[in-house]
Amino acid sequence: MVASSLRSGALLLCLLGILAGCAETELAVHNAKRLKTPTDSTPATSGTFKVGKPYQIKSIWYYPRVDYSYDETGVASWYGPGFHGKRTANGEIYNQEDLTAAHRTLPMPTLVQVTNLENGRSIRVRINDRGPFAHGRIIDLSKRGAELLGFVRQGTAKVRVQILEPESRQLVNAAKGLGPGADAPPAVPVETVAVQQLPPVGQAAPAAPAGQPVQTAAAQSQLNDARAAQILSNPEPVVMQQAVRRTRLYVQAGAFTQIANAERMRARLSGLGNVQIARAVVGDTRFFRVRVGPMANVKEADKTLDLLLYNGITNAKVIVD
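For the sequence shown, the positions run -23 to -1, 1 to 298 when mature numbering (1 follows the signal peptide of the UniProt record, and there is no 0) is used.
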């Protein structure tokens, strides 16, 4: 009886902590976005390249970095009317009708492919803001992006987010003013040569047209890169259809390289129900992922995630598998 009472009391404290945590999260998101309001009357509409320094939101640290191998599943949300016309984290003016998104760590700008795993719809969006700061979300899409992916009404969706490396490099170079092809070694200019048939022997050759410019392959490449960067900066609203497969939601408590550490975490979470260790290989490294679930829906996953975070498991996150 005593043990049962203690467990009930602990559960009550956890639930109170979760409610307080949710309120703090909403306040943090509100304040973070408010700080981006422009102070001048005619702010610039184009942003700059930005990675940013590590930052902390509600006791959790985030470390922005360049990662061209980024590929993650999780839950997406969207934001719009309250922030339309305000400045984003890299200095752009947010337009809820553009195909853009907020991400916690990817460089700005970056181009990513976002696929709704529930209906197979897939679009390309440009990262130009920081967020989302609500726990359990991996990307915050513009209103237009959410409309095309089909989750405006429900507010969230299970998604896969993949970085598009070549396009992202072009965007970064354009934002830095280096030109989209700056990563490549400089090519030797190759001139195009006009071929003209020679006249028969004894006849004078026709005069060459004056003032004909000679265009090099390098110049044409620069024009092509400029057009590509312009297109990438404003992705066209093209919706691709991917195959839909059955997916499940889990809350991952951590990923360990040592099985003993994974076993200890599983034992710590044993009171939460179905806790499993899933093996995965990333590159040349084998990981043991401790996760709780599967969850019935996003709401249940959010509650479990908040419980883990409240108990100090700050690396916990919602994943889709």
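Even for Gly, the Cβ is constructed at its ideal location relative to N, Cα and C.
Query, Result
"Report buried or exposed for Ile236, applying the criterion of at least 16 other Cβ atoms within 10 angstroms of its Cβ.", "exposed"
"Helix, strand or coil, according to DSSP, for Ala237 in the structure here?", "helix"
"Can you tell me the Cα-Cα spacing of Arg146 and Ala53, whole angstroms?", "24 Å"
"Apart from the five residues just before and just after Ala171, which ones in its own chain have a Cβ nearer than 7 Å to its Cβ?", "Its pLDDT being 34, under 50, Ala171 is placed unreliably in this model, and the value from its coordinates should be taken loosely. Nothing listed; no residue qualifies."
"Let me make sure I understand the geometry here. Which of Trp38, Asn150, Arg225 and Thr224 has the alpha-carbon closest to that of Ile290?", "Trp38"
"Please work out which residues of its chain come closer than 6 Å, Cβ to Cβ, to Lys294, disregarding the five sequence neighbours upstream and downstream, and give them in chain order.", "Gln229"
"Leu148 and Gln90 look like a contact to me (Cβ under 8 Å); what is the Cβ gap, rounded to whole Å?", "Going by Cβ atoms, the distance from Leu148 to Gln90 rounds to 14 Å, so no, they are not a contact pair."
"Let's test the definition: count the other Cβ atoms within 10 Å of the Cβ of Asp261 and tell me whether it reaches 16, buried, or not, exposed.", "exposed"
"What's the gap between the Cα of Ile34 and the Cα of Gly154?", "32 Å"
"Please return the same chain residues whose Cβ sits closer than 6 Å to the Cβ of Phe128, not counting the five positions on each side in sequence.", "Ala134"
"For Lys280, which option in Arg222, His112 and Ala255 has the closest C-alpha, if you only look at C-alpha atoms?", "His112"
"I'd like the span of the beta strand (DSSP E) that includes Ala257, first residue to last.", "Val252 to Val259"
"One question on the structure: do Ala220 and Arg266 come within less than 7 Å of each other, judged by their Cβ atoms?", "no"
"What's the call for residue 345, buried or exposed, on a 16-neighbour Cβ count within 10 Å?", "Nothing about residue 345 can be reported from this structure: the residues present for the chain run from -23 to 298 only."
"Which same chain residues, not among the five before or five after Gly132, have their C-beta less than 8 Å away from its C-beta?", "Ser54 and Trp55"
"Exposed or buried, what is Ser119 when buried is set at 16 or more other beta-carbons lying within 10 Å of its beta-carbon?", "buried"
"Taking the C-alpha atoms as reference points, what is the distance between Asn211 and Arg103?", "8 Å"
"What's the call for Met217, buried or exposed, on a 16-neighbour Cβ count within 10 Å?", "exposed"
"Starting from Ser145, follow the alpha helix (DSSP H) in both directions and report where the run begins and ends.", "Glu142 to Lys153"
"From Asn96 to Thr65, what distance separates their C-alpha atoms?", "29 Å"
"Quick one: is Ala111 near chain C, going by C-beta distance under 7 Å?", "In the displayed structure, chain C is absent; only one protein chain is listed."
"Taking the straight line between their C-alpha atoms, what separation do you get for Gly248 and Val259?", "29 Å"
"Is it buried or exposed, Tyr45, if we count other Cβ atoms within 10 angstroms and call 16 or more buried?", "exposed"
"Rounded to whole angstroms, how far is the Cβ of Thr77 from the Cβ of Asn105, which I believe are closer than 8 Å?", "5 Å"
"When DSSP labels each residue in this structure, what does Gly132 get in the three-state scheme?", "coil"
"Once DSSP output is grouped into helix, strand and coil, what is the label at Leu286?", "helix"
"Check whether the Cβ atoms of Leu94 and Arg137 lie closer than 7 Å to each other.", "yes"
"Can you tell me the Cα-Cα spacing of Leu126 and Ala244, whole angstroms?", "39 Å"
"Is Asp279 helix, strand or coil by DSSP?", "helix"
"State the CB to CB distance for the pair Leu286 and Val269, rounded to an integer number of angstroms; the pair is presumed to be in contact (CB under 8 Å).", "No, Leu286 and Val269 are not in contact; Cβ-Cβ is about 13 Å, not under 8 Å."
"Nearest to Ser99 by alpha carbon, out of Tyr40, Asn274, Val215 and Gln253?", "Val215"
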